[in-house]
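Mapping of the sequence shown onto the numbering used here: residues 1173 to 1239, in sequence order. Here is the structure we will look at.
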Amino acid sequence: MSYLLIKSLSSLLVLLLMFEGMVTAFHLLNLPSDRAVLEGVCLLLLTAAGGFAAFRLVWWKRPQRTG
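Right, dumping it as structure tokens:
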């Protein structure tokens, strides 16, 4: 039971970090500079890829040890 709680809390932490990254990225996208828009797009892509990798790491099913 505690293992599931740890995974759930880890998922909430990942969601919070992804939310902060997306808010920052959308703020950059609203700036008039071309460089800021490029940075915003890169941050959005990095947030999506990083979130996918983080959730996969948190919820990865490890093989059971026998023996």
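Beta carbons are placed, not taken as given, at the ideal position from N, Cα and C, and that holds for glycine.
- If you ignore the 5 residues before and after residue 1182, its C-beta comes within less than 7 Å of the C-beta of 1230, all in its own chain and listed in chain order.
- Annotation: residue 1191 to residue 1209 spans about 18 Å, alpha carbon to alpha carbon.
- Taking every protein chain shown into account, the CB of residue 1221 has fewer than 16 other CB atoms within 10 angstroms, so this residue is exposed.
- Assigned with DSSP and collapsed to three states, residue 1179 falls in helix.
- The alpha-carbon separation between residue 1195 and residue 1236 amounts to approximately 39 Å.
- Burial of residue 1197 is indicated by the presence of at least 16 other C-beta atoms within 10 angstroms of its C-beta.
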